[in-house]
Amino acid sequence: MIPHVTRRTVLVAVGAACATNAAGQDQAPVQPPRVLFIGNSLTYANDLPRAVRSLYALVGLPLETAMVAKPNFSLGDHWDDRDARHAIRRRGWSTVVLQQGPSSREDSRAMLREAVRRFAPLIAEAGATPARFSAWPQRQRREDFSRASDSYALAAADVNGILMPVADAWREAFDLAPSLDLYSEDGLHPSRYGTFLAALVIFGALTGRSPASLPSDNQELALLQQAAANALSRVTAAAPD
Numbered sequence: 003m004i005p006h007v008t009r010r011t012v013l014v015a016v017g018a019a020c021a022t023n024a025a026g027q028d029q030a031p032v033q034p035p036r037v038l039f040i041g042n043s044l045t046y047a048n049d050l051p052r053a054v055r056s057l058y059a060l061v062g063l064p065l066e067t068a069m070v071a072k073p074n075f076s077l078g079d080h081w082d083d084r085d086a087r088h089a090i091r092r093r094g095w096s097t098v099v100l101q102q103g104p105s106s107r108e109d110s111r112a113m114l115r116e117a118v119r120r121f122a123p124l125i126a127e128a129g130a131t132p133a134r135f136s137a138w139p140q141r142q143r144r145e146d147f148s149r150a151s152d153s154y155a156l157a158a159a160d161v162n163g164i165l166m167p168v169a170d171a172w173r174e175a176f177d178l179a180p181s182l183d184l185y186s187e188d189g190l191h192p193s194r195y196g197t198f199l200a201a202l203v204i205f206g207a208l209t210g211r212s213p214a215s216l217p218s219d220n221q222e223l224a225l226l227q228q229a230a231a232n233a234l235s236r237v238t239a240a241a242p243d
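First residue of the sequence shown? That's 3 in the working numbering, and the numbers climb one at a time after it.
1) Let me confirm a value: ALA229 is counted as buried when at least 16 other C-beta atoms fall within 10 Å, else exposed. Which label applies?
2) Determine the burial state of PRO51: buried for a count of at least 16 other Cβ atoms within 10 Å of its Cβ, exposed for fewer.
3) Quick check: the stretch 164-184 against the stretch 129-143, are there 3 or more CB pairs under 8 Å?
4) Taking the alpha-carbon of ALA214 as reference, which of GLN101, PHE121 and SER235 has the nearest alpha-carbon?
5) Reducing DSSP to helix, strand and coil, say where ARG236 ends up.
6) Quick one: residues in its chain with C-beta nearer than 8 Å to the C-beta of GLY206, no 5 flanking neighbours on either side, listed in chain order?
7) Could you give the distance in angstroms between the alpha-carbon of ALA133 and the alpha-carbon of SER148?
8) Sort ARG143, LEU165, ARG87 and TYR195 by Cα distance to ALA175 and report the nearest one.
9) Between which two residues does the beta strand (DSSP E) harbouring ALA133 extend?
10) For ALA171, name the three-state secondary structure that DSSP assigns.
11) By the DSSP assignment, the alpha helix (DSSP H) with ARG149 in it spans what residues?
12) Could you give the residue range of the alpha helix (DSSP H) that holds ALA59?
13) Taking C-beta to C-beta, are PHE39 and ALA71 nearer than 8 Å?
14) Locate the beta strand (DSSP E) running through ALA71, then write down its first and last residues.
15) My understanding is that ARG119 touches VAL161, with C-beta atoms under 8 Å, so please give their C-beta distance in whole angstroms.
16) Once DSSP output is grouped into helix, strand and coil, what is the label at PRO34?
17) Considering Cα atoms alone, identify which of SER193, GLU222, PRO217 and GLY210 is closest to ALA47.
18) To which residues does DSSP link TYR185 through a beta bridge?
19) Under a three-way DSSP split, which group does LEU199 fall into?
20) On the CB-based measure, 16 or more other CB atoms within 10 Å of its CB, does PRO180 come out buried or exposed?
21) Counting C-beta neighbours from all protein chains within 10 Å, is the total for GLN101 16 or more, i.e. buried, or is it exposed?
22) Under 8 Å, do LEU199 and LEU216 count as touching if we go by C-beta distance?
Okay, here's the thing in structure tokens:
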């Protein structure tokens, strides 16, 4: 259960629709970016796309999202299932976010990289940029965080795509905000805090804005914003010139 003191900020980011900033009402309408999320229950738990939209709205930015997410699906399963491919071909996307499990084992890493290479030409044909949302391992396998992060970094480099270092941000949060449990009771799916942190990373990766700059009314949640900012900064620093 989320403590009452944090309820307003978390619900703004995860479960509540936010009104967009009225400051730009007199300006000409701008076509909002459109982001397609393809993944599994780690994406649809707590409705991650909605959380990202809420963060955009918090700073007055428009965003449209759609999601193709099915339980226990890998990206290879999505390729075979074809629903994700049909969604990509509808076009109009600016970014397609791909997610499967942590992929820390050699076989799952190879499957991740192969699936991303399959999806990349289809995403490019639709005029979008591929992005990889790095998933966290189960609570009892926290030693797999480094390999999970490496797997998604390799997959992003394979297709010159965007890396969204959610797993790295979770590791940062364990140090900065240890009182906030990012896992739900099953030790795999995210709590609302975990989804909030993932949304912060995705927001920062897509907008180029530091999550630490977002307004916050709670010190613990501000630490999650800093964890996301730290993870994104390391990815930027490691990127080739």
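In this text, a Cβ means the ideal position worked out from N, Cα and C, and glycines have one as well.
Inspection of the coordinates gives the following:
1) So ALA229 counts as buried.
2) Its Cβ being crowded by 16 or more others within 10 Å, PRO51 is buried.
3) Segments in contact, yes.
4) With distances taken between CA atoms, ALA214 lies nearest to SER235 out of GLN101, PHE121 and SER235.
5) Looking at ARG236 - three-state DSSP - the assignment turns out to be helix.
6) Short of 8 Å from the beta carbon of GLY206, and not among the five residues preceding or following it, lie these beta carbons of its own chain, in chain order: SER212, PRO213, ALA230, ALA231 and LEU234.
7) For the pair ALA133 and SER148, the Cα-to-Cα distance works out to about 19 Å.
8) The candidate whose alpha carbon is nearest that of ALA175 is TYR195.
9) Counting along the chain, the beta strand (DSSP E) containing ALA133 begins and ends at 131-135.
10) Under the three-state reduction of DSSP, ALA171 is assigned to helix.
11) Note, ARG149: alpha helix (DSSP H), 147-160.
12) 50-60 is the span of the alpha helix (DSSP H), which, as asked, contains ALA59.
13) By the CB criterion at 8 Å, PHE39 and ALA71 fall inside the cutoff.
14) Unbroken beta strand (DSSP E) run through ALA71: 66-71.
15) Distance from ARG119 to VAL161 at the Cβ level is roughly 6 Å; contact confirmed, criterion being Cβ atoms closer than 8 Å.
16) In the structure shown, PRO34 sits in coil (DSSP, three-state: anything other than H, G, I, E or B).
17) ALA47 has its Cα closest to that of SER193, out of SER193, GLU222, PRO217 and GLY210.
18) According to DSSP, TYR185 bridges with PRO192.
19) In the three-state scheme derived from DSSP, where H, G and I count as helix and E and B as strand, LEU199 is classed as helix.
20) So PRO180 ends up on the exposed side.
21) Its Cβ being crowded by 16 or more others within 10 Å, GLN101 is buried.
22) Taking 8 Å as the Cβ cut-off, LEU199 and LEU216 do not qualify as a contacting pair.
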